[in-house]
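A short worksheet on the structure shown next.
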Amino acid sequence: MSEPLKFTYDINGENFSSAGEASMQIKKELRTLGFDPETIRRVSIAMYEGEINMVIHAGGGVAEVFVYPEKIEMLLTDHGPGIADIALAMQEGYSTAPDTIRSIGFGAGMGLPNMKKYTDEMSIESELGKGTKVFMRVDVK
Amino acid sequence: MGTYNHSVLLDVEKCKGCTTCLKRCPTEAIRIRDGHAQINANRCIDCGECIRMCPHKAKKAVSDKLSVLKKYKYTIALPAPSLYGQFDNLDDIDYLLQGLLDYGFDDVFEVACAAEIVSGYSRRYMRRKDILKPVISSACPVINRLIALRYPLLIDNLMPILPPVDVAASLARKNALEKHPELKSEDIGVCFISPCPAKVSYLKEEIARGEGDVDCVVSAGDIYFAVLSKMERKLTPVPVSRTGMIGVSWAAGGGEATALFNDRYLAADGIENVIRVLDNVDNGTLPNLEFIELNACDGGCVGGVMNVANPFIAKARLQSIRRYLPVSQNWSFFDDSPDDTSVPGDMLQGNEIQYQPEEVPGGMSEAFKRRAAIQQIAERLPQLDCGSCGAPTCLAFAEDIVNGEATEDECIVKMRDRIRELLKGEEKA
Chain S
24 MSEPLKFTYD
34 INGENFSSAG
44 EASMQIKKEL
54 RTLGFDPETI
64 RRVSIAMYEG
74 EINMVIHAGG
84 GVAEVFVYPE
94 KIEMLLTDHG
104 PGIADIALAM
114 QEGYSTAPDT
124 IRSIGFGAGM
134 GLPNMKKYTD
144 EMSIESELGK
154 GTKVFMRVDV
164 K
Chain L
514 MGTYNHSVLL
524 DVEKCKGCTT
534 CLKRCPTEAI
544 RIRDGHAQIN
554 ANRCIDCGEC
564 IRMCPHKAKK
574 AVSDKLSVLK
584 KYKYTIALPA
594 PSLYGQFDNL
604 DDIDYLLQGL
614 LDYGFDDVFE
624 VACAAEIVSG
634 YSRRYMRRKD
644 ILKPVISSAC
654 PVINRLIALR
664 YPLLIDNLMP
674 ILPPVDVAAS
684 LARKNALEKH
694 PELKSEDIGV
704 CFISPCPAKV
714 SYLKEEIARG
724 EGDVDCVVSA
734 GDIYFAVLSK
744 MERKLTPVPV
754 SRTGMIGVSW
764 AAGGGEATAL
774 FNDRYLAADG
784 IENVIRVLDN
794 VDNGTLPNLE
804 FIELNACDGG
814 CVGGVMNVAN
824 PFIAKARLQS
834 IRRYLPVSQN
844 WSFFDDSPDD
854 TSVPGDMLQG
864 NEIQYQPEEV
874 PGGMSEAFKR
884 RAAIQQIAER
894 LPQLDCGSCG
904 APTCLAFAED
914 IVNGEATEDE
924 CIVKMRDRIR
934 ELLKGEEKA
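Going down the list, the sequences are from chains S and L.
According to my numbering, the stretch in the first sequence is residues 24 to 164, in order.
According to my numbering, the stretch in the second sequence is residues 514 to 942, in order.
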């Protein structure tokens, strides 16, 4: 199918407790469309980590999800500080999250590695001071 | 799934077609059609929220009438632990159990006693190294249905041990047959006294499949009024209660979890809270927990809609009942070593819960077309989620339109706009 279904979610950067909303919404959509549980899980974890990142580091952003029968693509766009060293950021355990964030159980440096682990493709474009775009693709197995 | 028999009934005369239940249904199972509420059986999880919320008392929980007991030669009452909290100044459970016998039951078997046995085996099960954590309680049938419909990846986390009511029923029947060899199994009527419609549905399903040992289910409210007049409390009752603090505590949220003697647990009650917790477990965003107890009703089983007492008052009463009880009266089942993890086969659930998502008619390609059409329609709708069209949200309304169950002109907000336009047109003319 050429025309994907598109879902757009605003990620509110001011409200920590609402992080995860988009992940839950997309999970519900995929369930209704009849996707298998494993695909739904991979999408929702990747999406959740992405959302949390946008809330912690970038003050929110926009998540666009393109759903095809054979794949799900996610594009997360924020206008935060950008990532200085993408390779370093991709390392497990590396985090620039402040102590306040760590104290509530986030910032373990697993966000980006997890996003890579649960998706079939992931790429990051980032410009310091401008923002970050993260693209992820999950193929239906 | 469509064949699941629910225990929520609508009194059409009383239903005003207001949107209270529509807006409160956690699974969006209700629509207002032709001025009355209708429940989609495929989505209903028997949580009882619509019964609780209906301002016109138009929704009722269905159960067997007390007259059902006449069908049996020998009847056994199975009071749920929450029943103990319904009576004022009940400082001794034996008064209630005696009341049930005086009402006409031939025997009583406390579900609270079975709950202590279930707790014992659950402690053993929790010691296993090869199980998925957190283990999620499976005693509330609403949770099981919710997980089967929405959380396929959590099915394997469910506690596989039978809920106390099934254990109680089986032990009650066995005891009766031993005590009265002259009785045949079909002479015995094992009667559960239920706090909620979810347990009614669950047990009716079992009965329909010819499984389990429960024969009939009556409501706690009916029993309350029937037994109240029999409970004179003049004579000291025969001490028959076989329940300790653990069994009684199962009546309220957190009771099942605390009985595991493991502080890495979370207990949530109230259907909205439960859904939030399940979403978090599903996302893997909960701290390290060993056990999650979930109850659909506020306060736990004391909050069931078939009860008569305010759940919080009932809970307070249970505290005074518990005061002089031992921790458990069913230790003897478990004089085992601390590394025993065995659970006998007859304590395990026979029917494993399976993922039962809503059907996707026409497969995925149809679902995509429908979703695209829904999105298109939803964009034209006011996004007020007012419920006047009979659907809980504009999105649900769009879905109904695409499914051919509603038409777009049923949106009164759009209609108002059209009338304004018409009036404007007339003014100009």
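Beta carbons are placed, not taken as given, at the ideal position from N, Cα and C, and that holds for glycine.
Note that the coordinates shown come from a computational prediction; the quantities given were computed from them, not determined experimentally.
Quiz item: Would the beta-carbon of ASP728/L fall within 7 Å of that of GLY760/L?
Solution: For ASP728/L and GLY760/L, no; Cβs fall outside 7 Å.
Quiz item: Rounded to the nearest angstrom, how far is the Cβ of GLY105/S from that of TYR71/S, given a contact under 8 Å?
Solution: Actually they do not touch by this definition, with Cβ atoms about 22 Å apart.
Exercise. Using the Cα positions of LEU831/L and PHE600/L, report the straight-line distance between them to the nearest angstrom.
Key: Near 10 Å, if we compare the C-alpha coordinates of PHE600/L and LEU831/L.
Quiz prompt | THR533/L versus ALA69/S: straight-line alpha-carbon distance, rounded | solution = As the crow flies, the alpha-carbon of THR533/L is around 37 Å from that of ALA69/S.
Quiz item: Would ARG835/L be called buried (16 or more neighbouring beta carbons within 10 Å of its own) or exposed?
Solution: ARG835/L comes out buried.
Quiz prompt | Neighbour flag for ALA880/L against chain S, beta carbons, 7 Å | solution = Yes, contact with chain S.
Self-check item: Interface partners of ARG663/L on chain S, CB under 8 Å
Solution: Going along chain S in sequence order, the residues near ARG663/L (Cβ under 8 Å) are ARG54.
Practice problem: Give the DSSP-derived three-state secondary structure of HIS693/L in the structure shown. | Solution: DSSP places HIS693/L in coil when its eight states are reduced to three.
Self-check item: Proximity test, Cβ basis, 7 Å: VAL873/L and chain S
Solution: Contact of VAL873/L with chain S is assigned, a C-beta pair being separated by under 7 Å.
Quiz item: Do the CB positions of ASN670/L and ILE656/L come within less than 7 Å of each other?
Solution: Annotated as distal: ASN670/L and ILE656/L, with beta-carbon spacing of 7 Å or more.
Practice problem: Report yes if the C-beta distance between GLY598/L and ALA764/L is below 7 Å; otherwise report no. | Solution: It is a contact, given that the beta carbons lie within the stated cut-off.
Quiz item: Taking Cβ-Cβ distances shorter than 8 Å, what residues in chain S pair up with ALA885/L?
Solution: The contacting residues are GLU26, LEU28.
Quiz item: So, are the CB atoms of ILE558/L and LEU716/L less than 7 Å apart?
Solution: Between ILE558/L and LEU716/L, the CB-CB gap reaches or exceeds 7 Å.
Quiz item: What three-state label does DSSP hand LYS747/L in the structure shown?
Solution: LYS747/L falls in the coil class under three-state DSSP.
Practice problem: For the segment 629 to 645 of chain L and the segment 782 to 800 of chain L, state whether three or more C-beta atom pairs, one from each stretch, are separated by less than 8 Å. | Solution: No contact exists between the segment 629 to 645 of chain L and the segment 782 to 800 of chain L.
Exercise. Run down chain S in chain order and give the residues with a C-beta less than 7 Å from the C-beta of PRO870/L.
Key: Correct list: ARG54.
Self-check item: Segments assigned beta strand (DSSP E), at least 3 residues, entirely inside the segment 79 to 159 of chain S
Solution: DSSP assignment within the segment 79 to 159 of chain S yields the following whole beta strand (DSSP E) runs of 3 residues or more, N-terminal first: 83 to 90, 94 to 101, 144 to 150.
Quiz item: Is ASP101/S buried or exposed, if buried means 16 or more other CB atoms sit within 10 Å of its CB?
Solution: Classification for ASP101/S: buried.
Quiz item: Within 7 Å (strictly less), CB to CB, does LEU645/L reach chain S?
Solution: Answer no: the Cβ-Cβ gap between LEU645/L and chain S never drops below 7 Å.
Exercise. Whole angstroms is fine: what's the gap from ALA911/L's alpha carbon to SER520/L's?
Key: Rounded to whole angstroms, ALA911/L to SER520/L spans 29 Å at the Cα level.
Practice problem: Could you name the residues that DSSP lists as bridge partners for ILE545/L? | Solution: ILE545/L is bridged by DSSP to ALA550/L.
Practice problem: Could you tell me whether the Cβ of HIS519/L comes closer than 7 Å to any Cβ of chain S? | Solution: For HIS519/L, not one C-beta of chain S is nearer than 7 Å to its own C-beta.
Practice problem: Check the Cβ of GLY734/L against every Cβ in chain S and list those closer than 8 Å, keeping chain order. | Solution: The contacting residues do not exist; GLY734/L stays about 36 Å from chain S at best.
Quiz item: Is it a yes or a no for the segment 913 to 924 of chain L touching the segment 553 to 573 of chain L, going by three-plus beta-carbon pairs under 8 Å?
Solution: Contact between the segment 913 to 924 of chain L and the segment 553 to 573 of chain L is absent: fewer than three C-beta pairs spanning the two stretches fall below 8 Å.
Quiz item: Is the CB-CB distance between ALA733/L and LEU596/L below 7 Å?
Solution: It is a contact, given that the beta carbons lie within the stated cut-off.
Quiz item: Does MET514/L get closer than 7 Å to chain S when you measure Cβ to Cβ?
Solution: For MET514/L, the predicted structure reports a pLDDT of 39, less than 50, and the residue's modelled location is therefore unreliable. A value from the coordinates is still provided. No, its Cβ sits nowhere closer than 7 Å to a Cβ of chain S.
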